[in-house]
Amino acid sequence: MELVYSTQNSDFDPEKRYRNPAHFDRPEAGVTHVVVIGDWPKVIDAYEALGVEVSVIKPLISPPVDAGGADFNAGLEQESENLRTDRGGILRLIEAAEGISPLEHPGAGELSIRLFDALKAIHEGFETLKDERDNLLSEVESLRGEVARLKAAAEPVDNAEKIAGLKAKLDAANVTYRANASVESLEKSVADLQQA
277 MELVYSTQNS
287 DFDPEKRYRN
297 PAHFDRPEAG
307 VTHVVVIGDW
317 PKVIDAYEAL
327 GVEVSVIKPL
337 ISPPVDAGGA
347 DFNAGLEQES
357 ENLRTDRGGI
367 LRLIEAAEGI
377 SPLEHPGAGE
387 LSIRLFDALK
397 AIHEGFETLK
407 DERDNLLSEV
417 ESLRGEVARL
427 KAAAEPVDNA
437 EKIAGLKAKL
447 DAANVTYRAN
457 ASVESLEKSV
467 ADLQQA
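Count along the sequence shown from 1, then add 276; that gives the number in my numbering.
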């Protein structure tokens with residue numbers, strides 16, 4: 277009897293008998309030839325040990341390798357533990373990003389350490405930007421003070437020129453005014469002149 281070990285789900289030849297190699301636990305009795313599609317060393321070794329002819333065919337898409345019981349389960353358990361470690365670290369980093377807790381190194385987990393490094397770089401970038409912003413704000417305040425000082429220093433000159441101009445107009449019209457008259461009072465006298 278010939279058996280075909282394959283993980284296919286369709287395109288079965290009705291003249292052949294198929295078995296899924298993922299469920300292999302021991303060779304079947306009465307088998308004279310085995311066709312193994314894929315990389316399933318456990319199946320191949322078991323039948324070859326009995327002297328059964330084995331043909332191996334490489335599929336177009338490789339199925340998972342039959343790693344064998346304890347080693348395979350240990351690998352899965354280790355991978356599960358790694359994922360749990362990463363998940364815990366990532367959750368703590370998300371809480372830190374949301375402001376719930378401080379940003380702290382997760383200690384373990386490849387993905388969570390990479391995420392920590394990225395968040396730390398972003399945080400440091402924000403701190404640098406905040407420092408630059410604070411420096412610019414102090415410069416702006418300094419510049420505002422300088423502008424106010426310059427404006428205050430320029431006003432008397434502007435008023436003095438304005439007062440001299442207003443007095444010249446009133447002198448030309450032979451209008452008398454007080455020597456210490458304010459800008460507003462001189463402006464009113466000139467306005468009255470123009471209405472007359």
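Glycine residues also receive a C-beta, built at the ideal position from the N, C-alpha and C atoms.
C-alpha distance - P339 paired with V280, whole-angstrom precision
Any answer about P339 is weak, because its pLDDT of 46 lies below 50 and its placement is not dependable; what the coordinates show is given next. Whole-angstrom Cα-Cα distance: 15 Å.
Per DSSP, S331 forms a beta bridge with which residues?
By DSSP's assignment, S331 forms a beta bridge with V311.
Given a cut-off of 7 Å, decide if P382 and G401 are closer than it, judged by their beta-carbon atoms.
Contact annotation: G401 and P382 have beta-carbon atoms that are not nearer than 7 Å.
Range of the contiguous alpha helix (DSSP H) that encloses V451
First-last for V451: undefined, no H or E at that position.
Report the rounded CA-to-CA distance for R295 versus G351, giving the unit in angstroms.
Their Cα atoms are separated by approximately 25 Å.
Rounded C-alpha distance that separates P378 from A372:
Rounded to the nearest whole angstrom, the C-alpha separation of P378 and A372 is 5 Å.
Beta carbon of I475 nearer than 7 Å to that of I333:
Here the chain comprises residues numbered 277 to 472, so residue 475 is not present and cannot be evaluated.
What span of residues does the beta strand (DSSP E) with L469 cover, start to end?
L469 -> not in any beta strand (DSSP E); alpha helix (DSSP H) instead, spanning 459-471.
Which same chain residues, not among the five before or five after Y453, have their C-beta less than 8 Å away from its C-beta?
Taking Y453 as the centre and dropping the five residues before and after it, the same chain places the C-beta of K443, L446, S461, L462, S465 closer than 8 Å to its C-beta, in chain order.
Cβ distance (whole Å) where V311 is taken to contact E278 below 8 Å
Yes, they are in contact, since the Cβ atoms of V311 and E278 sit about 7 Å apart, within 8 Å.
Throw me the rounded Cβ distance for the T404 and A384 pair, which I believe falls under 8 Å.
Going by Cβ atoms, the distance from T404 to A384 rounds to 29 Å, so no, they are not a contact pair.
With distances taken Cα to Cα, identify the nearest neighbour of A298 among A305, T283, E357, V307.
Minimum Cα distance to A298 is reached at T283.
What is the residue span of the alpha helix (DSSP H) that E324 lies within?
In the DSSP assignment, E324 falls within the alpha helix (DSSP H) that extends over 317-325.
Contact belief for L419 with L395 at Cβ below 8 Å, rounded distance in angstroms
No, L419 and L395 are not in contact; Cβ-Cβ is about 36 Å, not under 8 Å.
Same chain only: Cβ atoms within 8 Å of A343, ignoring 5 sequence neighbours per side
Since pLDDT at A343 reaches only 49, below the 50 mark, its modelled position is unreliable, and no value is offered.
Alpha helix (DSSP H) runs wholly inside the stretch 372-412, at least 4 long, in chain order
Within the stretch 372-412, complete alpha helix (DSSP H) segments of at least 4 residues are not found at all.
Need the endpoints of the beta strand (DSSP E) that R302 sits in, please.
Careful: R302 lies outside any beta strand (DSSP E) and carries neither H nor E.
So, at 8 Å on beta carbons, what are the nonlocal neighbours of D410 in its own chain, with the 5 sequence-adjacent residues on each side left out?
Answer for D410: no residue qualifies.
Cα-Cα, which of E386, E374, A449 is closest to E357?
Ranking the options by Cα distance to E357, first place goes to E386.
For V451 and N435, which I take to be in contact (beta-carbon distance under 8 Å), what is that distance rounded to the nearest angstrom?
Between N435 and V451 the Cβ distance is about 20 Å, and since that is not below 8 Å, they are no contact.
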